[in-house]
Each structure stands twice: as C-alpha cells, then as structure tokens.
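A.B. asks:
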Amino acid sequence: QGEDTFLDSLPEPYRTRSWEEMKERLAECDMLVAPSHFYAGVMGERLGIPLAEIEVLPNGINLEGYGEPVEDGLQAIGYLARMSREKGLGALVDAYLLLQEGGRFPQCRLRIAGSCTPGDEVFVKDQKEKIERAGLSEMVDWHPNLTREQKTEFLRGLTVFSVPIQYSEAFGLYLIEAMASGVPVVNPEGSAFEEIAAVTGGGQTVAPGDPSALARGWEELLANPGEAAAMGERGRRGVAERYSVTAMKDGFLELAGRVCAAAGPRDS
C-alpha cells in the first residue's frame, strides 16, 4: 500500500533497481493483496501483473468512539490529514475562499486538523496568511496533532468532509473515519475515493485539480441538509458493513485460508 509513491521518490539508480527487485521478489509470494481495486490496477500496471492475480482486502477501522454528527445548526467544512501540499490543504483553502466569495454560506467555518511536520510549517504559514488576507482568520480553526478521542469529537462537529489529495492514493483511512461519523465526503475523482464512495454511498466526487468544483460540491450539500444527512447516514452504515476492523479481519482470514489450502498439509 503506497509503495509506488515511496519508490518513485528515490533517486536513480535506486528507483529503477527497487522496482526491478520488487517485481522479482513478488514472484515468490503465494498471494498479492491490495487495499483497493484502484491500487491493484496501479501496481498491476507498474509491475506487469494481471489484475486476476491480485486480491483486494480493504482497510478497516475500529468503530468504537465514532458517533453521529452533532446537530447544533452550525455548518463546517472539515479536513483531517497531514497539513501538507500533497494532501491538498492548499486546494482546500482555495476552495473555502471561493465558497466565502460566493456569499451563500457566510457562517460556514473551515476546520483543519492533522499532523504538521517541520517540513510543512512554511506551507501552512502561507495558507494562514492567504486566509488572513481574505479577512477570514476568525472563521478557520486549526487543530494539530489530535488524540483519537479528540479526532472522533472533531469529526462529529462537521457538516462536510474533504481531503483533496494531489496524488493517487491507495486508500485513505480518513475518508472512512469521516463516514463512520456520519459526515458526507466531497473529494476529487481518482484514487480509491470513487470506489469507497460507490460502495458506501457516503460521498460524491468532483473534478480533480479544481478548487471551484470542490466549492460547488460543498454548496450542493450545504444547501440541501436533508440530502447531506442522508448521504452521511449511508456512509456510516456502509463503513460499518464493509470497512470495519471486523470486516477486515474476516476478509484476511478468508484469504489466509485459501493460501493455506493451496499450500496443502505440511510434513511433520
């Protein structure tokens, strides 16, 4: 999961050597497993492996602590991921500024949570300055490095959730964490999100690389709270059925059983 991003970041000749070594070593495996059909396709193409030879076992989360959204009448767009350019924080901020320029939802807040590494600090500072120039600093909340309890509480206070990632991601646990909290997700097309949204019914996709499309997606749900609530409930149920740690455990045992059956009994 995510090997392509890491390997592609290596300098040559190590990048090419690593890909070649991976392809050679995978031939020794009894089974190959990816966290999504999307990522199975990515790695199958990169390594020349037929899709039929890659199993898919989605990630799962412990549902304990995730609850339904707080119905306090307040509207908030939320982000929970590393505060970085790659995860789409800049695109999120740009979309929020466009939302506020539209003037339809002036009281809607932007709530940003997640880790911030030393390498991200300059970028985050730039985003805060961008927000300040727009006169919206009082409408944006920053929550770095939340505990699990704080994270689940943060998610319950959101109306819509987005992490407009700027690269092809294998899965995205934050998506199912938001859905487990009954919060509808609006995210760019591509990566594993389309797959997760289709399975759960808890999200909608917008054109990638376009903050205005993201802002329009938010507006649709902010203007239709009934639909937003229904989408959030579909997502919550979908995650409970398909993306819980129990579902992941059952899937793993099924795959492991097949590997063991194919290997046959061991000599004592």
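Residue numbers for the sequence shown follow my numbering, so the first one is 1348 and each next one is one higher.
Note that the Cβ used here is the ideal one computed from N, Cα and C, for glycine as well.
It should be emphasised that the depicted structure is a prediction, and the values quoted were computed from it without experimental measurement.
1) For G1425, which residues does DSSP report across the bridge?
2) Going by the CB atoms, is the gap between R1480 and G1412 shorter than 8 Å?
3) What's the C-alpha gap between N1571 and Q1513?
4) If we call anything under 8 Å between Cβ atoms a contact, is V1553 one with Y1426?
5) Going by the beta-carbon positions, is the gap between G1391 and P1397 smaller than 8 Å?
6) In the DSSP assignment, what are the bridge partners of W1366?
7) How is G1519 classed by DSSP in three states: helix, strand or coil?
8) Using the beta-carbon count (16 or more within 10 Å), is L1436 buried or exposed?
9) I'd like to know whether the C-beta atoms of S1515 and G1537 end up nearer to each other than 8 Å.
10) Give me the residue from L1600, V1469, A1576 and L1354 with the minimum Cα distance to S1528.
11) Using a 10 Å radius around the Cβ and a threshold of 16 neighbouring Cβ atoms, would you call F1599 buried or exposed?
12) Using a Cβ distance threshold of 8 Å, determine whether the region 1580–1595 contacts the region 1460–1480, with at least three qualifying pairs required.
13) What residue from I1408, T1499 and L1522 has the CA that sits closest to M1334's CA?
14) Please look up how many angstroms separate the CB atoms of T1694 and Q1422, rounded, as I've assumed it's under 8 Å.
15) With DSSP as the reference, label I1396 as helix, strand or coil.
16) Give me the Cβ distance between L1502 and E1524, rounded to the nearest whole Å; I'm assuming they're in contact under 8 Å.
17) If you draw a straight line from the alpha carbon of E1415 to that of V1546, how long is it in whole angstroms?
18) Output the boundary residues of the alpha helix (DSSP H) element that contains Q1497.
19) Once DSSP output is grouped into helix, strand and coil, what is the label at D1597?
20) Rounded to whole angstroms, how far is the Cβ of C1455 from the Cβ of L1569, which I believe are closer than 8 Å?
21) What residue does the beta strand (DSSP E) around L1379 start on, and which one ends it?
22) Which whole-angstrom value describes the C-beta separation of A1442 and P1531, a residue pair presumed to lie in contact below a C-beta threshold of 8 Å?
C.D. replies: Taking the coordinates as given:
1) Beta bridge pairing from DSSP links G1425 with R1458 and F1508.
2) Cβ atoms of G1412 and R1480: not closer than 8 Å.
3) Looking at the two C-alpha atoms, the distance is approximately 28 Å.
4) The answer is no: Cβ separation not under 8 Å.
5) Their beta carbons are under 8 Å apart, which means G1391 touches P1397 by this criterion.
6) For W1366, DSSP assigns no beta-bridge partner whatsoever.
7) Coil.
8) Buried, by the Cβ-count rule.
9) Yes; because the gap between Cβ atoms is below 8 Å, this pair is in contact.
10) Residue A1576 is the option with its Cα nearest to S1528.
11) Label assigned to F1599: exposed.
12) Contact between the region 1580–1595 and the region 1460–1480 is absent: fewer than 3 CB-CB pairs across the two stretches fall below 8 Å.
13) For residue 1334 there is no data in the structure shown, the boundaries of the chain being 1348 and 1615.
14) Any question about residue 1694 goes unanswered here, given that the chain covers just 1348 to 1615.
15) In this structure, I1396 counts as coil in the three-state DSSP scheme.
16) Between L1502 and E1524 the beta-carbon gap is near 6 Å, inside 8 Å, which marks them as a contact.
17) So the two alpha carbons sit approximately 20 Å from each other.
18) Per DSSP, Q1497 belongs to the alpha helix (DSSP H) from R1495 to R1503.
19) D1597 falls in the helix class under three-state DSSP.
20) Yes, C1455 and L1569 are in contact; Cβ-Cβ is about 6 Å, under 8 Å.
21) L1379 to A1381 is the span of the beta strand (DSSP E), which, as asked, contains L1379.
22) Not really, about 16 Å apart at Cβ, beyond 8 Å.
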